[in-house]
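Enquirer:
6 protein chains.
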Amino acid sequence: MDLNSPSLNHLLDCWLAEDLGRGDLTSIALINAKGSANWTAKQDGVFCGGDLAKCIFQRLNNSVQVQLLIKDGNAFKAGQKLLQVEGPAAALAAAERTALNLVMRLSGIATCTAALVKELEDTSVRLVDTRKTTPGLRVLEKYAFRCGGGLNHRLGLDDAAMLKENHIAWAGGISKALESIKAESPWPSKIIVETETPKQVEEAIRAGADGILLDEIIPEILISHIPKWRDLASTRTKETGSDQIVLEASGINPKNLKAYAATGIDLISTSAPMTRSYWVDISMRFTTS
Amino acid sequence: MDLNSPSLNHLLDCWLAEDLGRGDLTSIALINAKGSANWTAKQDGVFCGGDLAKCIFQRLNNSVQVQLLIKDGNAFKAGQKLLQVEGPAAALAAAERTALNLVMRLSGIATCTAALVKELEDTSVRLVDTRKTTPGLRVLEKYAFRCGGGLNHRLGLDDAAMLKENHIAWAGGISKALESIKAESPWPSKIIVETETPKQVEEAIRAGADGILLDEIIPEILISHIPKWRDLASTRTKETGSDQIVLEASGINPKNLKAYAATGIDLISTSAPMTRSYWVDISMRFTTS
Amino acid sequence: MDLNSPSLNHLLDCWLAEDLGRGDLTSIALINAKGSANWTAKQDGVFCGGDLAKCIFQRLNNSVQVQLLIKDGNAFKAGQKLLQVEGPAAALAAAERTALNLVMRLSGIATCTAALVKELEDTSVRLVDTRKTTPGLRVLEKYAFRCGGGLNHRLGLDDAAMLKENHIAWAGGISKALESIKAESPWPSKIIVETETPKQVEEAIRAGADGILLDEIIPEILISHIPKWRDLASTRTKETGSDQIVLEASGINPKNLKAYAATGIDLISTSAPMTRSYWVDISMRFTTS
Amino acid sequence: MDLNSPSLNHLLDCWLAEDLGRGDLTSIALINAKGSANWTAKQDGVFCGGDLAKCIFQRLNNSVQVQLLIKDGNAFKAGQKLLQVEGPAAALAAAERTALNLVMRLSGIATCTAALVKELEDTSVRLVDTRKTTPGLRVLEKYAFRCGGGLNHRLGLDDAAMLKENHIAWAGGISKALESIKAESPWPSKIIVETETPKQVEEAIRAGADGILLDEIIPEILISHIPKWRDLASTRTKETGSDQIVLEASGINPKNLKAYAATGIDLISTSAPMTRSYWVDISMRFTTS
Amino acid sequence: MDLNSPSLNHLLDCWLAEDLGRGDLTSIALINAKGSANWTAKQDGVFCGGDLAKCIFQRLNNSVQVQLLIKDGNAFKAGQKLLQVEGPAAALAAAERTALNLVMRLSGIATCTAALVKELEDTSVRLVDTRKTTPGLRVLEKYAFRCGGGLNHRLGLDDAAMLKENHIAWAGGISKALESIKAESPWPSKIIVETETPKQVEEAIRAGADGILLDEIIPEILISHIPKWRDLASTRTKETGSDQIVLEASGINPKNLKAYAATGIDLISTSAPMTRSYWVDISMRFTTS
Amino acid sequence: MDLNSPSLNHLLDCWLAEDLGRGDLTSIALINAKGSANWTAKQDGVFCGGDLAKCIFQRLNNSVQVQLLIKDGNAFKAGQKLLQVEGPAAALAAAERTALNLVMRLSGIATCTAALVKELEDTSVRLVDTRKTTPGLRVLEKYAFRCGGGLNHRLGLDDAAMLKENHIAWAGGISKALESIKAESPWPSKIIVETETPKQVEEAIRAGADGILLDEIIPEILISHIPKWRDLASTRTKETGSDQIVLEASGINPKNLKAYAATGIDLISTSAPMTRSYWVDISMRFTTS
């Protein structure tokens with residue numbers, strides 16, 4: 011995560027401004043006080059967002075000192091101290107909610123991701139995310155997914171072509187669609203085709219796709235077809251495609267995850283860490299000096 | 011929700027840009043096609059974000075037509091059509107994810123809020139939210155909470171003063187803290203004091219607080235003390251405060267919600283719809299013409 | 011005043027850019043010189059904007075040293091030195107006008123406010139401002155009003171509900187309007203009703219208003235009615251409103267200010283410091299080294 | 011005034027957002043109403059900002075209809091209708107204050123300028139403004155000055171070089187300063203020298219200045235010296251300057267304005283319309299339909 | 011090119027503002043005139059930027075009518091009319107330079123690219139660009155390159171990994187570098203290795219690179235080695251890489267382009283259209299009505 | 011060049027963000043390494059943009075150390091070291107392309123300008139630029155032109171009035187156009203008239219123009235007319251204009267430059283350094299430590 015990115019800093023400023031509005035009414039009572047505070051986990055989890063939290067406090071007031079007691083991607087236990095902060099009390103109080111909200115959300119994603127990744131730990135299958143992310147937080151939520159041990163899928167519409175049913179219909183078939191895309195896509199970029207039936211998978215392989223998204227195809231069918239699909243890909247030539255094909259299953263849930271992992275698939279995609287995870291509970295307590 | 015707000019439009023632009031990056035690679039295959047699509051609920055829920063979705067499609071391309079089939083705040087059933095959209099296929103495909111992500115998140119909040127509010131339906135207690143909201147989405151998530159039947163608590167640090175333990179410590183006690191705040195707070199603004207013990211509640215009432223946040227005080231204690239606290243408030247004069255006090259309980263969960271509602275409290279605050287709700291699942295399917 | 015606010019810093023940058031345009035043509039002659047300068051008051055007044063001025067110089071060039079010789083809210087005499095600045099001459103010359111313009115305007119407001127507040131010094135009546143502020147300077151001009159001893163009225167349309175004649179007409183009467191607002195306003199927020207006749211005042215009190223704006227009602231009428239209005243409020247119950255009512259007079263001028271202050275009113279609102287005050291004259295003189 | 015300027019539109023958006031904050035709390039009561047309103051002058055004056063007001067209403071909601079009943083730069087009488095507006099009531103109420111604040115300030119400047127210009131009406135002397143303008147409003151306040159009949163002086167530091175005492179000191183004298191500036195200033199730009207004594211005026215003319223700012227030099231001295239200064243300029247050659255010199259007096263006030271105008275000066279500069287004028291009072295009244 | 015992109019519109023606004031500054035001084039003389047104008051090519055070339063030009067005129071004033079007489083990517087002859095524009099004369103004059111500057115630059119790139127692409131027309135080699143683009147114009151200049159018949163190379167640092175000499179040194183060798191990248195790169199993304207010797211090429215192929223950038227390796231060496239490199243790649247397995255390798259030559263010039271094209275290479279990269287092309291000369295003439 | 015300008019810093023941030031996108035994929039392999047690098051010229055030229063390059067590196071990461079080995083405006087030879095940079099390797103790699111692209115473009119302009127200025131070195135004629143500049147880079151490209159020894163012409167539409175054929179037509183003739191402009195242009199600003207025939211030149215002089223742009227009038231005609239035009243100007247009085255006229259030739263090329271310089275002209279304008287120059291080639295090589 012590149013905290014020096016000018017765009018990220020701009021976002022942090024907007025988020026601070028969102029909570030501050032026209033100024034913190036409550037801090038009038040404490041104008042010149044110095045203070046310090048700790049962050050303590052109220053449950054187990056995987057941490058994410060430490061450097062961001064530091065940056066949020068310091069953009070509000072650059073005399074704030076922040077000490078991170080845990081690294082992003084590491085696990086923590088309920089009751090564990092995660093971060094210490096010291097500086098002008100008004101600044102600590104004003105940045106508290108923004109910093110906590112971000113870290114609680116990101117750690118929630120990392121924690122959920124880590125639990126799913128653990129299910130895959132004895133396999134070579136990688137867990138990948140989707141474009142279902144909170145508007146405005148794409149890069150950060152995808153970073154949290156990596157902190158939980160996942161691998162990012164494309165970060166935006168410009169990152170790779172991914173042909174869905176309707177693209178194929180508009181283009182007049184899988185072959186035509188792939189042909190148009192290949193002629194115009196920048197080098198190097200790959201092309202994925204989303205499929206719902208074995209027949210579509212075969213068409214896509216023949217047409218030269220680099221990857222296939224197998225949407226809600228049941229494990230039994232995958233087990234029986236994947237070897238054939240890999241064979242089919244291995245016959246491709248330079249003109250028709252690589253000899254390898256990356257196969258990705260979607261539509262999984264925690265219960266059938268292991269069944270999918272045993273099908274010979276390469277990737278399993280899930281939006282659950284972004285759409286079905288709870289925020290991790292962390293509290294900030296001011297310390298008496 | 012004021013869709014004409016210049017700041018909101020600016021946010022929508024940023025969110026579209028976040029997904030578009032340097033341009034949608036896949037839409038090359040469909041440059042001049044027109045298309046139409048439907049949004050269908052894949053589960054029951056309460057809808058939120060329809061006008062926003064419309065605005066997202068139209069900011070990308072103002073020739074897109076959007077027809078809303080449900081109003082914000084209304085309940086829907088799995089399988090129900092929620093929205094129809096028609097226009098240049100490339101624009102529909104490019105705005106799809108941003109619009110859906112927003113509506114799925116907001117409807118998730120509205121749905122969760124509505125379920126909690128239903129628990130309170132035979133009482134005069136109102137459910138209020140907190141400042142635990144996703145950075146960048148404060149106004150929209152609070153709008154979703156209202157769509158679910160909740161009442162908003164303060165929207166930012168500038169909306170009302172709320173004295174926490176540390177503010178009181180820095181100011182040198184509840185009375186001093188309230189005195190400073192009152193002298194400087196704009197008219198009209200109210201002052202809330204966060205308390206953890208009955209003793210603190212009484213001090214705060216005597217010092218002239220408008221509202222008391224009772225943080226994780228158990229229902230049994232509330233039942234026995236609330237009448238006394240209201241009596242105490244009723245003895246306040248113009249110099250010392252209003253004769254009424256607004257009492258708000260926090261730290262509740264779905265199981266003890268009804269017990270809290272029966273204590274004589276005015277408000278119950280919860281962050282659950284923002285921090286512990288799932289996105290509502292909605293799919294967008296292109297229609298063949 | 012929170013100088014660390016990201017939004018405020020953005021404003022300062024825009025103001026510097028407004029004067030600089032494509033670059034200061036005159037400073038070509040002095041590129042490497044160091045310089046120092048003093049700010050001197052050319053008339054008596056109340057100071058406002060010192061930290062802002064410092065911030066303006068330092069955003070242009072962070073090696074500039076600024077020493078404030080007076081605090082915001084303090085009075086000064088003609089001829090008094092207010093501020094010393096030292097650093098690259100080109101930066102001093104380029105930031106001079108922006109910094110002075112801001113401080114002269116804000117000190118003008120503080121000075122005018124202080125004069126009006128002085129008229130009220132033996133009373134418990136507080137002077138409040140209005141939303142008549144220069145576009146772009148709302149937060150700063152309201153800060154200047156506080157520096158002059160005033161109390162801020164609501165800072166924007168989102169700060170409290172204030173029902174005017176037309177709102178009441180659209181809603182179908184004072185009671186209906188208050189009912190709608192109360193059901194939707196966030197907690198804690200207060201509701202003010204603007205009135206022009208005693209009859210309206212009574213309706214508003216009965217309907218549960220927290221405050222009444224008495225627009226251009228003459229002192230004689232206020233004197234005779236205010237006790238009755240307070241009595242009426244004191245009969246309100248939890249269902250109908252607080253037992254107290256905040257009464258605010260508007261439409262005053264310097265001549266009738268004391269008459270209004272003697273009516274038993276709580277607040278007197280005025281836009282005069284923003285709309286009818288002169289800038290305080292301050293000069294910046296470079297010193298020879 | 012170019013209302014299509016992208017930068018101006020951005021400013022209008024910021025000003026609307028400044029008042030709206032997180033949304034207009036009061037308009038909840040009137041969500042679907044349509045409304046209309048008139049602007050009426052409460053005093054005599056010169057109008058400025060009509061197109062801007064129109065633009066402010068329409069940026070908030072582009073279905074608002076605005077009819078201007080007076081042109082910028084025209085005089086109006088107390089009681090005169092200036093503008094009619096019609097559209098969604100919530101939008102009218104939300105944009106009202108921003109639009110009025112701007113027009114009242116700008117009309118105040120135009121009115122004050124017009125009064126001063128009237129004093130010069132039988133002379134060939136033009137009134138010019140200064141860079142003492144409200145931060146953020148430079149272009150608009152200078153436009154208002156033109157609406158009042160004045161002529162703009164340079165709009166920013168990049169518009170022309172203007173050598174002050176300290177520039178001259180740093181450069182090592184008037185000749186050296188002018189030489190450096192001339193070598194680097196873009197074509198076509200002019201150079202003004204600020205002077206406080208006749209001796210400095212002569213040096214500046216000899217060094218090739220295009221204009222001289224005569225700062226607080228009394229009329230008697232101007233009368234006796236101006237012919238000599240013009241003679242001196244007329245002897246300049248292509249190498250040393252134009253044969254003409256533009257002479258500008260500053261430090262004037264309403265009382266001595268005519269005396270200065272009679273000295274043979276070309277321009278009189280004043281910041282009074284920006285720093286010492288009152289806002290013109292205009293009210294907006296909703297009409298019953 | 012997606013003209014509806016919010017980011018692109020923001021850029022166009024900035025560019026208009028850059029030329030307008032505080033407003034077009036010359037247009038004062040023509041305030042209410044309507045006008046029309048033609049764009050005429052003063053030399054042969056390939057056109058690029060028509061829709062952008064249209065958008066620039068219309069963002070300044072949305073009543074301007076623009077008729078494009080040629081499509082982007084098409085060739086034109088000296089003297090050919092390219093575009094007609096009609097509307098408020100002040101708007102036409104104010105947008106003229108910005109629109110022309112952009113189209114002249116982009117058409118210059120397209121024209122230069124087309125000439126190079128023509129050299130490759132009987133081969134299967136594609137011409138690709140580089141990240142040497144004018145700051146702020148990346149997406150548009152790469153679009154112009156496509157209009158000239160080229161294929162875009164990666165659009166930014168986030169588009170694909172490209173290991174240079176120093177990356178390899180820091181990581182401790184080609185294998186280690188590729189291993190780290192592969193473990194963290196999002197799916198689907200490819201990895202390119204920049205090489206300067208045949209030995210490095212072989213290492214990179216063995217380590218699993220998707221593409222090799224052959225930097226300034228002479229044609230003779232390429233001819234003799236490329237078959238061996240393709241053979242080496244064909245032996246890779248799923249664990250070690252694809253059986254195919256994309257080979258890209260850089261360091262070419264117009265004279266040796268054909269020699270490189272005959273080596274068996276896949277891609278030839280060049281920055282010449284961005285760094286060594288002239289603007290195409292186009293004039294705008296107002297027409298008399 | 012004022013590197014402290016807030017607007018310039020904002021531009022640099024945008025340019026870095028343009029290349030970084032969602033983050034540098036390649037730098038994953040080198041996360042904690044420190045590095046250093048040199049910039050070396052690959053050809054002769056005149057340098058421009060050193061401070062900008064420094065600023066670009068440091069805005070990405072303020073711990074980067076940059077040492078400039080040459081000043082803007084100085085000539086360098088192929089092989090000469092120009093700049094050294096040291097700091098976190100990831101930051102050096104991420105800022106490299108943006109910094110080099112800018113300096114290569116600006117140095118290309120300075121180099122081309124210097125070559126043209128050299129042709130004029132024994133004359134008093136100054137080379138001036140035009141408004142043909144890359145959108146977004148106006149101030150920087152004009153700075154590069156000064157670094158090459160040129161003099162800037164007006165920087166934008168607000169810098170001076172310049173009447174072209176169509177302005178004159180709309181205004182109803184040269185005299186009327188000049189009259190309108192003079193009445194409204196701010197003091198001090200000059201007026202230039204663009205002409206194509208000697209007849210127009212004379213009209214413009216009589217009407218009081220400050221400067222004449224002689225567009226594509228051949229040297230022979232200039233030689234014979236210039237003395238007459240200067241005579242004509244010398245007869246102007248205060249009412250009709252200055253006794254001097256600035257004459258500027260456009261439409262020149264490298265071959266006829268000296269012929270134009272010998273005509274008695276004051277200025278020669280050219281867009282060649284912006285529209286017909288190559289980028290100067292500079293390489294950045296990381297050094298081993």
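Protein chains in written order, with the numbering used here: chain A, 11 to 299; chain B, 11 to 299; chain C, 11 to 299; chain D, 11 to 299; chain E, 11 to 299; chain F, 11 to 299.
Even for Gly, the Cβ is constructed at its ideal location relative to N, Cα and C.
This one's a predicted model, so the numbers in the text were calculated from it and none came from an experiment.
1. For a contact defined as C-beta to C-beta under 7 Å, what are the partners of S195 (chain C) on chain D?
2. May I have the straight-line CA-CA distance separating V127 (chain F) from A47 (chain F), to the nearest angstrom?
3. Taking C-beta to C-beta, are G274 (chain A) and I236 (chain A) nearer than 8 Å?
4. With a threshold of 16 other CB atoms inside 10 Å of the CB of N111 (chain E), please say whether the residue is buried or exposed.
5. Which residues bound the beta strand (DSSP E) around G221 (chain F)?
6. How would you label P196 (chain D), buried or exposed, when you count the other beta carbons within 10 angstroms and need 16 or more for buried?
7. Please classify P145 (chain E) as buried or exposed, where buried requires at least 16 other C-beta atoms within 10 Å of its C-beta.
8. Can you tell me where the beta strand (DSSP E) with N48 (chain D) in it begins and where it stops?
9. Mind checking whether K81 (chain C) and G55 (chain C) have CB atoms under 8 Å apart?
10. Under 8 Å between beta-carbons, which chain F residues line up against V149 (chain A)? List them in chain order, please.
11. Does DSSP classify G218 (chain F) as helix, strand or coil?
12. For K52 (chain F) and K87 (chain F), what's the separation of their Cα atoms in angstroms?
13. Starting from the N-terminal side, write out each stretch of the alpha helix (DSSP H) that is 4 residues or longer and does not extend beyond the region 162 to 213 of chain E.
14. So, using beta-carbon positions, are T121 (chain E) and G158 (chain E) closer together than 8 Å?
15. Taking L78 (chain E) as part of the beta strand (DSSP E), name the residues at either end of that continuous run.
16. Count the C-beta pairs between the region 242 to 250 of chain D and the region 210 to 225 of chain D that are closer than 8 Å, then say yes if the count reaches three, no if not.
17. What would DSSP say about R286 (chain C), mapped onto helix, strand or coil?
18. Pair every Cβ in the region 159 to 177 of chain A with every Cβ in the region 191 to 206 of chain A, then say whether three or more of these pairs are closer than 8 Å.
19. Identify the continuous alpha helix (DSSP H) that holds L30 (chain F) and give its terminal residues.
20. Using only CA atoms, which one of D:S199, D:P229, D:K186 and D:K200 lies nearest to E2 (chain D)?
21. Give me the Cβ distance between T285 (chain B) and M114 (chain A), rounded to the nearest whole Å; I'm assuming they're in contact under 8 Å.
22. Helix, strand or coil for E96 (chain A)? Go by DSSP, reduced to three states.
23. Classify D241 (chain B) as buried or exposed, calling it buried when 16 or more other Cβ atoms lie within 10 Å of its own Cβ.
24. Would you report the Cα separation of A103 (chain C) and A99 (chain D), rounded to the nearest angstrom?
Expert: Taking the coordinates as given:
1. S195 (chain C) reaches chain D at L35, counting residues in chain order whose Cβ is nearer than 7 Å.
2. 33 Å
3. yes
4. Buried, since its Cβ has 16 or more Cβ neighbours within 10 Å.
5. DSSP places G221 (chain F) inside the beta strand (DSSP E), whose first and last residues are G221 to D225.
6. buried
7. buried
8. Residues K44 to A51.
9. It is not a contact, given that the beta carbons lie outside the stated cut-off.
10. R32 and G33
11. coil
12. 8 Å
13. 175 to 181 and 184 to 194
14. yes
15. Q75 to L78
16. Output reads yes: the region 210 to 225 of chain D touches the region 242 to 250 of chain D.
17. coil
18. yes
19. P16 to L30
20. Examination of residue 2 (chain D) is not possible in this model, given that chain D is present from 11 through 299 alone.
21. 7 Å
22. strand
23. exposed
24. Their Cα atoms are separated by approximately 48 Å.
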